[in-house]
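Visitor: Chains as they are written, first to last, in this note's numbering: chain A, 406 to 611; chain B, 406 to 611. Idealized CB from N, CA, C, for every residue including glycine.
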Ligand SMILES: NC(=O)c1ccc[n+]([C@@H]2O[C@H](COP(=O)([O-])OP(=O)(O)OC[C@H]3O[C@@H](n4cnc5c(N)ncnc54)[C@H](O)[C@@H]3O)[C@@H](O)[C@H]2O)c1
Ligand SMILES: NC(=O)c1ccc[n+]([C@@H]2O[C@H](COP(=O)([O-])OP(=O)(O)OC[C@H]3O[C@@H](n4cnc5c(N)ncnc54)[C@H](O)[C@@H]3O)[C@@H](O)[C@H]2O)c1
């Protein structure tokens, strides 16, 4: 099994390689790729070794080849379509973020129970009533549901997404959600990042 | 040194303990605390062992005592004041998020270079011109700067924050930023969470 920490560094390597390819750089040394990614060169080599032998001895890595390989590992060599439940502050910020489209991740629609939000557009994306979620997921070949509703509504929304046939859920609500074994939940707790920072700051300031 | 993965689980334990304390539960077994936090009981015991001996043999943990202890470890037994640079989609969503205040983290002001945004309010928080950032940080005892500007502006904003005396930076822009050794940067890359999900989904669907 590939360690989770290794998986979480791949998008960083991917982003750096994208920058290099835009600069028309075709070969990059492991030292340079590591420095631009903010890791040690031995960590980079260890991470990549899980996926096979890529480096050309003495010359470094072929940028185009490594990009394609990482795309396959991250599953972004294909398109993924998403729906977002909860068209509030966070849901609308995510819907309009152009960074997802660069990786073949497309937000197809937002859903909300608030009639005042239904029928509106966020950028080019429609806000639809929650009752329409199941039909929309099945007609538009959606794979991923994003939860940006208040904590107490999150489990109910997850149940609806599972019944609609979604296999992946990206959950921003600060609660654990129960789903069947064939559904994957990725938690995103923004508070954790800030509390990690406050922990390191308070250790320094003592 | 405490492993980063342990630090990142503490806010989860903290949130569960807060829920228990609201339910007026004063003792909790390690099995129950572990189950509610989504970890194994041996992982929970191992995480807490870094900070001392808390469990009462056979009776579990004292909820109030453990809450206070985790507050101290996370550095949230004190107030932290934040400013956010970039009053766009993400910056305004973060500014109005009530979840930070629960942990003693207060957003004092937003800053932006766009004159159309300056002078407006986001909830009760003012949007001020970037030129005022240094003066504001020094007059209002601010410790943390949040970066939600486009990637190409991030390093410039970080330099300004360092000059203003900020010691902690929470960076959402998808670039690495260079800072002196006495400044701590916490990266938050929302794309990483989504790409981790697509990785696990594509492995399942093969
Ligand atoms: N705003 C942030 O920066 C931030 C940061 C971290 C975590 N979160 C979490 O993300 C979630 C959303 O936060 P927000 O700040 O966008 O809140 P918000 O109140 O702005 O938006 C919530 C939206 O969900 C809708 N909603 C409520 N119940 C629903 C249901 N059953 N089905 C469908 N829609 C429903 C509401 O009508 C509203 O539009 C919360 O769980 C919050 O804890 C937000
Ligand atoms: N929106 C999201 O969900 C999301 C997700 C992941 C990452 N991000 C990252 O967060 C950052 C902000 O994204 P957004 O979607 O809010 O963008 P946005 O365009 O809505 O907001 C950016 C804001 O920064 C301001 N700005 C630009 N240059 C500045 C400078 N030098 N000093 C001060 N302010 C400046 C702009 O006027 C604008 O108000 C980006 O780096 C983006 O990659 C956003």
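If you check the beta carbons only, do residue 500 (chain B) and residue 489 (chain B) fall under 8 Å apart?
Guide: Yes, the pair counts as a contact, with Cβ atoms nearer than the cut-off.
Visitor: Please tell me whether, using a cut-off of 7 Å, the distance from the CB of residue 488 (chain A) to the nearest non-hydrogen atom of ligand 1 is below it.
Guide: No, the Cβ of residue 488 (chain A) stays beyond 7 Å of every heavy atom of ligand 1.
Visitor: Does the Cβ-Cβ distance between residue 527 (chain B) and residue 510 (chain B) come in under 8 Å?
Guide: No; because the gap between Cβ atoms is not below 8 Å, this pair is not in contact.
Visitor: When you compare each of A:538, A:430, A:426 and A:546 to residue 564 (chain A) by their alpha carbons, which one comes out closest?
Guide: Minimum Cα distance to residue 564 (chain A) is reached at A:538.
Visitor: Within this structure, are the beta carbons of residue 479 (chain B) and residue 416 (chain B) separated by less than 8 Å?
Guide: Closer than 8 Å, so yes.
Visitor: Please confirm whether residue 522 (chain A) has its beta-carbon closer than 8 Å to some beta-carbon of chain B.
Guide: Answer no: the Cβ-Cβ gap between residue 522 (chain A) and chain B never drops below 8 Å.
Visitor: Can you tell me whether residue 600 (chain B) is buried or exposed? The criterion is at least 16 other CB atoms within 10 Å of its CB, across all chains shown.
Guide: When all chains shown are included, residue 600 (chain B) counts as buried.
Visitor: Whole angstroms is fine: what's the gap from residue 461 (chain B)'s alpha carbon to residue 435 (chain B)'s?
Guide: In a straight line, the C-alpha of residue 461 (chain B) is about 10 Å away from that of residue 435 (chain B).
Visitor: With three or more beta-carbon pairs closer than 8 Å as the criterion, would you say the region 588–602 of chain A touches the region 414–428 of chain B?
Guide: The region 588–602 of chain A vs the region 414–428 of chain B: in contact.
Visitor: When you compare only the Cα positions, how much space is there between residue 486 (chain A) and residue 610 (chain A)?
Guide: Roughly 45 Å between the two C-alpha positions.
Visitor: Going along the chain, which residues of its own chain have a beta-carbon closer than 7 Å to the beta-carbon of residue 484 (chain A), five neighbours each way excluded?
Guide: 509 and 511.
Visitor: Kindly provide the ranges of any alpha helix (DSSP H) runs that are 4 or more residues long and lie completely inside the region 461–529 of chain A, ordered along the chain.
Guide: Listed in chain order, the complete alpha helix (DSSP H) runs (minimum 4 residues) inside the region 461–529 of chain A are 468–479 and 494–500.
Visitor: Which full runs of the alpha helix (DSSP H) of 4+ residues lie inside the region 432–460 of chain A, going along the chain?
Guide: DSSP runs (the alpha helix (DSSP H)) wholly in the region 432–460 of chain A: 435–442 and 446–454.
Visitor: Note down the Cα distance separating residue 579 (chain B) from residue 597 (chain B), rounded to an integer number of angstroms.
Guide: When rounded, the distance between both Cα atoms is 10 Å.
Visitor: Secondary structure at residue 557 (chain B), three-state DSSP: helix, strand or coil?
Guide: If DSSP states are grouped into helix, strand and coil, residue 557 (chain B) belongs with the helices.
Visitor: Taking the DSSP output, what are the residues bridged to residue 549 (chain B)?
Guide: Paired residue(s): B:487 and B:573.
Visitor: Just to check my reading of the structure: residue 464 (chain B) and residue 449 (chain B) have Cβ atoms closer than 8 Å, yes? What is that Cβ distance to the nearest angstrom?
Guide: Going by Cβ atoms, the distance from residue 464 (chain B) to residue 449 (chain B) rounds to 16 Å, so no, they are not a contact pair.
Visitor: Considering only heavy atoms of ligand 2, does any lie closer than 7 Å to the CB of residue 491 (chain B)?
Guide: Residue 491 (chain B) Cβ: within cutoff of ligand 2.
Visitor: What residues in the region 440–468 of chain A bring their beta carbon closer than 8 Å to a beta carbon of chain B?
Guide: Residues passing the 8 Å Cβ filter: 441, 442 and 443.
Visitor: Look at the Cβ atom of residue 523 (chain B), then the Cβ atom of residue 533 (chain B), and state whether they are nearer than 8 Å.
Guide: For residue 523 (chain B) and residue 533 (chain B), yes; Cβs fall inside 8 Å.
Visitor: Assuming residue 552 (chain B) contacts residue 535 (chain B) (C-beta within less than 8 Å), just tell me the rounded distance between them.
Guide: So it is not a contact: roughly 12 Å between Cβ atoms.
Visitor: Counting only C-beta atoms, is residue 557 (chain A) closer than 8 Å to chain B at any point?
Guide: False, the Cβ-Cβ gap to chain B never drops below 8 Å.
Visitor: Mind listing the chain A neighbours of residue 572 (chain B)? Cutoff is C-beta to C-beta under 8 Å, in chain order.
Guide: What residue 572 (chain B) touches in chain A: 606, 609 and 610.
Visitor: To the nearest angstrom, how far is it from the Cα of residue 606 (chain A) to the Cα of residue 571 (chain B)?
Guide: When rounded, the distance between both Cα atoms is 11 Å.
Visitor: Roughly how many whole angstroms lie between the Cα atoms of residue 457 (chain A) and residue 503 (chain A)?
Guide: The alpha-carbon atoms of residue 457 (chain A) and residue 503 (chain A) are separated by roughly 32 Å.
Visitor: To the nearest angstrom, how far is the alpha carbon of residue 568 (chain B) from that of residue 492 (chain B)?
Guide: Computed Cα separation, rounded: 21 Å.
Visitor: Whole angstroms is fine: what's the gap from residue 494 (chain B)'s alpha carbon to residue 497 (chain A)'s?
Guide: About 8 Å.
Visitor: Since residue 508 (chain A) meets chain B, which of its residues come closer than 9 Å, beta carbon to beta carbon?
Guide: Near residue 508 (chain A) (Cβ distances below 9 Å), the residues of chain B are 596, 599, 600 and 603.
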